[in-house]
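Reviewing the structure listed below.
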Amino acid sequence: MTSLRSALFGPGSRPELLAKLARSGPDAIILDLEDAVPPDSKENARLAVTAAIPPLRTLNPTLPIYVRVNSITTSWFTDDIQCVTEHLSGIVLPKVESPETICLARSAIEERAGILVNFIAGLETVLGVVNATSIATSNGVIGCYFGAEDYVLDLGGIRTREGLEVLWARTQVAVSCRLAGIAAFDQVVTDFSSPETFVQDASIGRSLGFSGKLCIHPSQVPLAHSAFSATPAEVDRALRLIETYAKARTRGEGAINFEGQMVDEPLARQAQRIIDSV
Amino acid sequence: MTSLRSALFGPGSRPELLAKLARSGPDAIILDLEDAVPPDSKENARLAVTAAIPPLRTLNPTLPIYVRVNSITTSWFTDDIQCVTEHLSGIVLPKVESPETICLARSAIEERAGILVNFIAGLETVLGVVNATSIATSNGVIGCYFGAEDYVLDLGGIRTREGLEVLWARTQVAVSCRLAGIAAFDQVVTDFSSPETFVQDASIGRSLGFSGKLCIHPSQVPLAHSAFSATPAEVDRALRLIETYAKARTRGEGAINFEGQMVDEPLARQAQRIIDSV
Amino acid sequence: MTSLRSALFGPGSRPELLAKLARSGPDAIILDLEDAVPPDSKENARLAVTAAIPPLRTLNPTLPIYVRVNSITTSWFTDDIQCVTEHLSGIVLPKVESPETICLARSAIEERAGILVNFIAGLETVLGVVNATSIATSNGVIGCYFGAEDYVLDLGGIRTREGLEVLWARTQVAVSCRLAGIAAFDQVVTDFSSPETFVQDASIGRSLGFSGKLCIHPSQVPLAHSAFSATPAEVDRALRLIETYAKARTRGEGAINFEGQMVDEPLARQAQRIIDSV
Numbered sequence: 009m010t011s012l013r014s015a016l017f018g019p020g021s022r023p024e025l026l027a028k029l030a031r032s033g034p035d036a037i038i039l040d041l042e043d044a045v046p047p048d049s050k051e052n053a054r055l056a057v058t059a060a061i062p063p064l065r066t067l068n069p070t071l072p073i074y075v076r077v078n079s080i081t082t083s084w085f086t087d088d089i090q091c092v093t094e095h096l097s098g099i100v101l102p103k104v105e106s107p108e109t110i111c112l113a114r115s116a117i118e119e120r121a122g123i124l125v126n127f128i129a130g131l132e133t134v135l136g137v138v139n140a141t142s143i144a145t146s147n148g149v150i151g152c153y154f155g156a157e158d159y160v161l162d163l164g165g166i167r168t169r170e171g172l173e174v175l176w177a178r179t180q181v182a183v184s185c186r187l188a189g190i191a192a193f194d195q196v197v198t199d200f201s202s203p204e205t206f207v208q209d210a211s212i213g214r215s216l217g218f219s220g221k222l223c224i225h226p227s228q229v230p231l232a233h234s235a236f237s238a239t240p241a242e243v244d245r246a247l248r249l250i251e252t253y254a255k256a257r258t259r260g261e262g263a264i265n266f267e268g269q270m271v272d273e274p275l276a277r278q279a280q281r282i283i284d285s286v
Numbered sequence: 009m010t011s012l013r014s015a016l017f018g019p020g021s022r023p024e025l026l027a028k029l030a031r032s033g034p035d036a037i038i039l040d041l042e043d044a045v046p047p048d049s050k051e052n053a054r055l056a057v058t059a060a061i062p063p064l065r066t067l068n069p070t071l072p073i074y075v076r077v078n079s080i081t082t083s084w085f086t087d088d089i090q091c092v093t094e095h096l097s098g099i100v101l102p103k104v105e106s107p108e109t110i111c112l113a114r115s116a117i118e119e120r121a122g123i124l125v126n127f128i129a130g131l132e133t134v135l136g137v138v139n140a141t142s143i144a145t146s147n148g149v150i151g152c153y154f155g156a157e158d159y160v161l162d163l164g165g166i167r168t169r170e171g172l173e174v175l176w177a178r179t180q181v182a183v184s185c186r187l188a189g190i191a192a193f194d195q196v197v198t199d200f201s202s203p204e205t206f207v208q209d210a211s212i213g214r215s216l217g218f219s220g221k222l223c224i225h226p227s228q229v230p231l232a233h234s235a236f237s238a239t240p241a242e243v244d245r246a247l248r249l250i251e252t253y254a255k256a257r258t259r260g261e262g263a264i265n266f267e268g269q270m271v272d273e274p275l276a277r278q279a280q281r282i283i284d285s286v
Numbered sequence: 009m010t011s012l013r014s015a016l017f018g019p020g021s022r023p024e025l026l027a028k029l030a031r032s033g034p035d036a037i038i039l040d041l042e043d044a045v046p047p048d049s050k051e052n053a054r055l056a057v058t059a060a061i062p063p064l065r066t067l068n069p070t071l072p073i074y075v076r077v078n079s080i081t082t083s084w085f086t087d088d089i090q091c092v093t094e095h096l097s098g099i100v101l102p103k104v105e106s107p108e109t110i111c112l113a114r115s116a117i118e119e120r121a122g123i124l125v126n127f128i129a130g131l132e133t134v135l136g137v138v139n140a141t142s143i144a145t146s147n148g149v150i151g152c153y154f155g156a157e158d159y160v161l162d163l164g165g166i167r168t169r170e171g172l173e174v175l176w177a178r179t180q181v182a183v184s185c186r187l188a189g190i191a192a193f194d195q196v197v198t199d200f201s202s203p204e205t206f207v208q209d210a211s212i213g214r215s216l217g218f219s220g221k222l223c224i225h226p227s228q229v230p231l232a233h234s235a236f237s238a239t240p241a242e243v244d245r246a247l248r249l250i251e252t253y254a255k256a257r258t259r260g261e262g263a264i265n266f267e268g269q270m271v272d273e274p275l276a277r278q279a280q281r282i283i284d285s286v
C-alpha cells in the first residue's frame, strides 16, 4: 500500500456528499454505514452507498475506495456486506477486538460476495487495543485506525485537549501497525472548525508513527497531506546533513558535529528518509 | 459495585480517627493495618480495628467498610486476617504481584474466618502492574488501586509533579480494571494541604478511566466526589448535544455539526453517559 | 554491577579520542564499532579498538570497558568479536530484538574468543522494545540501553523535543530492566551543545527509573553524574523527613503530616534511599 496520508469519511445516508467525496483529493475515501448513519437509515444508506460506488470508481480509477460496515456483532453486518463489489478496495471493519473477528468477517464476505477482501481494522475499544498486534498481523488486514472517541467511551474515561488518556492506546496502534508493516490511521479530530487543532493533533500522530489520518471533513484533507509530509525546512536540513555526513565518511568519520548535534547512522538515515519522501 | 468515587483511609493505630472515619461522607472507608501503622504498633492496631468495625457498621449500615492488611509476604498477614468478620465488605490486599497471591490470600482467610471475602488489590510494584490484567480478572477481585509512591520506589524512579513516570503504569491499572469490569481507584495525593493538586490529579485520573480516588484526609473526600462527577457545564452541553443529535436522526443524519464539532454515535453515547451519571 | 550513571561512547575510527576516553571520569566507556564508524572504516576501527584496550585497561584498572560491535545481522559482526579479550568488561550488542540474539551472540563469542562475555543490550527497534523483558532477563545481560534515534527511525515516527513519541518505549525499557534487576541506560542526547537539554532529559530519565545515561561527548559525563545523584536539597529534605518519621513511630504513628504532605512507609523508604545513595 502506498502512503495514505488521508482517508475521508462520507456518511452513507447523504448521497449528495458521497458523490462529491473525492473532490478534496484524499488519498482514500470511506463510505460510512456505521457511526455516521442512524439506525433507521441503515437500509437507505446501503442503497445510497451501493449506487455511489460505480460512478466514484469510474471517475477515480486508482483511488482506494472503502466501505465501513457496522460491527460484526450488530444485526446490520450481514446486510452491509452485500455492498461489497469488485469496485471496492476493501472493507473498514469497526470495533475489532480479536483476530477471530477478522477471520469471521472475511469468511462471511467471501461466502456472500465471492471475494476475498482486504480490511482496515478499527481499534477503538480497550480489548481491541490490548489485542492490537494480533489483529494488525492477521491475514487480510492492510491497515488499522485508532478510534479515540469510541475507545475513551469504552474505557470510561474523558477526552481532553492534552490527550494523555489516549497516549498509550494510540502508541500501541502505531507500534502494532509497524510490527505488521501496514498503514496506521490516526484518530479523527472532531473539531473541524479549528485547523490549528487538526494540525497539532496530526503532528503528534506523525511523531508517534502514524502514516496518515482519518478525516471527517474535506477541509481536513489538505491539512493531513501537509502534516504527513516533510516541510521544506526539514528537507533543507536533511540535504545539508546528508552532504556533511557524506564528506565526513570519506574522512573515516561516522559520528559528526552537525550544527551542534551529534549525527551518526540513525540520524543520517532519518534525514535520507525525509529526502526520499518528497 | 456501585460507583465508588472515594475510599478514605484511616490509620489502624489511631482509634480516635477510625471512629470518625465515615463523617466526611466517603463512598467507602479503609481501616489501615499496613503502611500507616509502624511495626511496633501492628498488634495494637489490630485490636483498635477489630473494636472499631462493629460501631462503624451499626452507624453506617450500607457503607462499604474495608480493612487493608499487610502484604501476604509479611509476617503480619496471618494475624491481620483475624480481623475479618461478616461486618466487613472485604479486604484491601496491598502489593499484589500475581493472581496466585489472590488465591493464597482467599484460601487463608476462608480457612481462618470461614468467609469468602472480596478483595481490592493494590497494584503498586513493577511486577504487579505488569500482571495487572490477570490480577484484576482474578476471582474475588472487585477493585484495584494504583499505588504511585510504592510503584516508583520499586521502579527506582523519582516522583514528579508532572507524573510522566507513572503514566504508563496508571494507564495499565485503569485499562485492566476496565477489562475486568471492576472499580479502579486512582493514586493517593499525599500533598493534602493543596486542594488544587488533588483536583488536578483527580481530573487526570478520571480522564484515564479511574472510577474514584484513594483519599488520605477527610478534606479530600468532597473533592473526589466533585472530580468524579459531571460538572453542570458538562451536563448542560450533553443535554444540548443529545437534543440536536435526536433531531438530526429524524432527518436521517447520524453525523452532525454540533457547535463546530462533528458529533456521531460515540460522542452521543458519551453525552448520554454524562446525563445518566447525575 | 555498581551504579553506572554514565557510559561514554568513543568512535572506533578515532584512535586519538579512544585514548582520552576515560579522562572525563565516566562510570563506563564504550569503544564503538557500530553507528559512529562508517562502513569503509570498520576494519581500521577494529584495529584501533584492539590497540586502545590494553593501555586503557592499564591506566584504569577498575573501569568498566565495553566494545559496541555491529548488530549480529550484519556481515561485520563476525570480525568485530575478534576484539574480545579478557581486558574487556563486556560487549554492547546493538539492535537486539529477541533473547535468541543474545544466545547466538554469546555462543559465537565463546567459540571465537573462548570467553563467556556479559552484554549490554541495545533496545532500539519496535520489536526490541516489545520484547524488552525477555531480552533483559536473558542470561548474560547485565544492562540495556534505550536507543531513541534508531527506535523512532524504525517506528517511522518523528523525534520531538517533548519526546511523547518515545515515552512508552522508554518506560518499557526501564520497567524491563527493573524486572531483571539490571542497569538501565537512558537515551543519548545528540544536542551536545546544550547542557540544559541534557540535564532536562536526564532528569526525566531518572524519574522513569533509568540508572544512568549514554553519553556521546565528555562534557555530558559530569552532567549525567549530577543528574543521577540526589541534590543537596533532596538529601536535606530526606534527613528531615526520616527524623520526623522516626519520632512519630515512637508515638505509634505511621502516617504523619510532614511539611503539608502525608508521609508513610513508601515515602519514608524513598527518603532513606536518597540518603543511602550519597
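Protein chains in written order, with the working numbering: chain A, 9 to 286; chain B, 9 to 286; chain C, 9 to 286.
In this text, a Cβ means the ideal position worked out from N, Cα and C, and glycines have one as well.
Which of the three DSSP states, helix, strand or coil, is assigned to C/M9?
Translated into positions along the third sequence, residue 9 of chain C becomes position 1. Residue confidence is low: C/M9 scores 45 on pLDDT, short of 50, so the model does not pin down where it sits. No coordinate-derived value is stated.
Please tell me whether B/D35 has its Cβ less than 8 Å away from any Cβ of chain C.
In the second sequence, the residue the question calls residue 35 of chain B occupies position 27. No, its Cβ sits nowhere closer than 8 Å to a Cβ of chain C.
Quick one: which chain A residues come within Cβ less than 9 Å of C/F200?
Taking the first residue of the third sequence as position 1, residue 200 of chain C is located at position 192. Within 9 Å Cβ-Cβ: N265, G268, Q269 and M270.
Quick check for students: name the residue ranges of the alpha helix (DSSP H) that lie wholly in the stretch 134-185 of chain A, counting only runs of 4 or more.
134-138, 140-144 and 156-163
Neighbour-count burial assignment, C/P62, 16 or more Cβ in a 10 Å radius
Position 54 of the third sequence, counted from the start, is the residue given in the question as residue 62 of chain C. The residue is exposed, with fewer than 16 neighbouring Cβ atoms inside 10 Å.
Beta-carbon separation of A/S14 and A/C223 under 8 Å?
For this step, residue 14 of chain A is matched to residue 6 along the first sequence. For this step, residue 223 of chain A is matched to residue 215 along the first sequence. Cβ atoms of A/S14 and A/C223: closer than 8 Å.
Collapsed DSSP secondary structure at B/K221 in the structure displayed:
As a first step, residue 221 of chain B must be located in the second sequence, where it is residue number 213. Three-state result, B/K221: strand.
For B/R277, the nearest candidate out of B/A254, B/D158, B/E267 and B/T258 (CA to CA):
The residue you call residue 277 of chain B lines up with position 269 of the second sequence. Considering only alpha carbons, the answer is B/A254.
Anything in chain A within Cβ reach of B/R186, meaning under 8 Å, just list it in chain order.
What you label residue 186 of chain B is simply residue 178 of the second sequence in a count that begins at 1. Those within 8 Å of B/R186 in chain A are V134, D162, L163 and G164.
At a CB distance below 9 Å, what residues from the stretch 28-54 of chain B approach chain C? Give them in sequence order.
D40, E42, D43, A44, V45, P46, P47, D48, S49, N52 and A53
Residue closest to C/S202, alpha-carbon to alpha-carbon, out of A/S202, A/Q269, A/L101 and A/L275:
Indexing the third sequence from 1 puts residue 202 of chain C at position 194. The candidate whose alpha carbon is nearest that of C/S202 is A/Q269.
Going along chain A in order, which residues have a C-beta closer than 9 Å to the C-beta of B/V183?
Here residue 183 of chain B corresponds to residue number 175 of the second sequence, with the count starting at 1. Ordered by position in chain A, the residues that pass the 9 Å Cβ test against B/V183 are V134, V137, V138, L163, W176 and A177.
In terms of alpha-carbon separation, which member of A/F17, A/S11, A/P47 and A/L16 lies closest to B/E261?
As a first step, residue 261 of chain B must be located in the second sequence, where it is residue number 253. It is A/P47.
Alpha carbon to alpha carbon, how far is A/L172 from B/A210? Give it in angstroms, no decimals.
For the purposes of this step, residue 210 of chain B is identified with residue 202 of the second sequence, where counting begins at 1. For the purposes of this step, residue 172 of chain A is identified with residue 164 of the first sequence, where counting begins at 1. In a straight line, the C-alpha of B/A210 is about 13 Å away from that of A/L172.
Through-space distance from A/S234 to B/S97, alpha-carbon basis:
Walking along the second sequence from the start, residue 97 of chain B turns up at place 89. Walking along the first sequence from the start, residue 234 of chain A turns up at place 226. Cα to Cα, B/S97 sits roughly 57 Å from A/S234.
Which of helix, strand or coil DSSP assigns to A/I212:
As a first step, residue 212 of chain A must be located in the first sequence, where it is residue number 204. Of the three classes helix, strand and coil, the one that applies to A/I212 here is helix, per DSSP.
Contact belief for B/D284 with A/D43 at Cβ below 8 Å, rounded distance in angstroms
Working through the second sequence from its first residue, we reach residue 284 of chain B at position 276. Working through the first sequence from its first residue, we reach residue 43 of chain A at position 35. 20 Å between Cβ atoms; not a contact.
Once you ignore the five residues that flank C/N139 on each side, which residues in its own chain have a CB closer than 6 Å to its CB?
Locating residue 139 of chain C in the third sequence gives position 131, where the first residue counts as 1. Taken in chain order, the residues that qualify are S106.
Under 8 Å between C-beta atoms, does C/M9 make it to chain B?
For this step, residue 9 of chain C is matched to residue 1 along the third sequence. Per-residue confidence for C/M9 stands at a pLDDT of 45, beneath the threshold of 50, marking its modelled position as unreliable; the derived number appears in the next sentence. Not an interface residue.
Check for me: the alpha helix (DSSP H) holding C/P23 runs from which residue to which?
Indexing the third sequence from 1 puts residue 23 of chain C at position 15. Taken as a continuous stretch (DSSP letters only), the alpha helix (DSSP H) holding C/P23 covers P23 to A27.
CA-CA distance, B/F218 and B/D194?
Mapped onto the second sequence, residue 218 of chain B falls at position 210. Mapped onto the second sequence, residue 194 of chain B falls at position 186. Spanning the two alpha carbons is a distance of roughly 6 Å.
Could you tell me if B/N147 is buried or exposed, where buried requires 16 or more neighbouring beta carbons within 10 angstroms of its beta carbon?
What you label residue 147 of chain B is simply residue 139 of the second sequence in a count that begins at 1. By the neighbour-count rule (16 or more Cβ atoms within 10 Å), B/N147 is not buried but exposed.
Counting only Cβ pairs nearer than 7 Å, list the residues of chain C close to A/P274.
In the first sequence, counting from the first residue as 1, residue 274 of chain A sits at position 266. Under the 7 Å cutoff, chain C gives D43, E157, D158 and L161.
Strictly under 8 Å for the Cβ-Cβ distance: is A/L124 near chain B by that measure?
As a working mapping, residue 124 of chain A is identified with position 116 in the first sequence. So, not an interface residue.
Can you check whether the C-beta of A/E94 is within less than 8 Å of a C-beta belonging to chain C?
Against the first sequence, residue 94 of chain A aligns to sequence position 86. No, A/E94 lies away from the interface with chain C (no Cβ there is under 8 Å from its Cβ).
Would you tell me roughly how many angstroms separate the C-alpha atoms of B/R76 and B/K221, rounded to the nearest one?
As a working note, residue 76 of chain B is residue 68 in the second sequence. As a working note, residue 221 of chain B is residue 213 in the second sequence. Distance between the alpha carbons of B/R76 and B/K221 is about 16 Å.
Would a check of beta-carbon distances place B/L231 closer than 8 Å to chain A?
Within the second sequence, residue 231 of chain B is the residue found at index 223, counting from 1. B/L231 does not count as touching chain A.
Got a sec, what are the start and stop residues for the beta strand (DSSP E) B/Q269 sits in?
Working through the second sequence from its first residue, we reach residue 269 of chain B at position 261. Residues Q269 to V271.
Are the beta-carbon atoms of A/I128 and A/V174 separated by less than 8 Å?
Start at 1 with the first residue of the first sequence, and residue 128 of chain A comes out as number 120. Start at 1 with the first residue of the first sequence, and residue 174 of chain A comes out as number 166. Result no, Cβ atoms of A/I128 and A/V174 do not sit closer than 8 Å.
Nearest candidate by alpha-carbon position, reference B/A241, set B/A279, B/L231 and B/H225:
For the purposes of this step, residue 241 of chain B is taken as the residue at position 233 of the second sequence. The residue with the shortest Cα to Cα distance from B/A241 is B/A279.
I'd like the list of long-range same chain contacts for C/F154, defined as Cβ closer than 6 Å, with 5 residues on each side in sequence excluded.
Within the third sequence, numbered from 1, the residue matching residue 154 of chain C stands at position 146. Counting only Cβ-Cβ distances below 6 Å, and skipping sequence neighbours, we find L131, R178, V181 and Q195.
Is there a Cβ of chain B sitting closer than 8 Å to that of C/Q278, yes or no?
As a working mapping, residue 278 of chain C is identified with position 270 in the third sequence. Closer than 8 Å to some Cβ of chain B, the Cβ of C/Q278 qualifies, so yes.
What whole-angstrom Cβ distance do A/D162 and A/V125 have, given they're in contact under 8 Å?
Position 154 of the first sequence, counting from 1, holds the residue named residue 162 of chain A. Position 117 of the first sequence, counting from 1, holds the residue named residue 125 of chain A. That pair is no contact at about 26 Å.
For B/R114, collect the residues of the same chain with a Cβ closer than 6 Å to its Cβ; drop the 5 residues on either side in sequence, then sort them by chain order.
The residue labelled residue 114 of chain B in the question sits at position 106 within the second sequence. So the qualifying residues of the chain are G148.
Mind checking C/C152: buried by the 16 CB within 10 Å criterion, or exposed?
As a first step, residue 152 of chain C must be located in the third sequence, where it is residue number 144. Classification for C/C152: buried.
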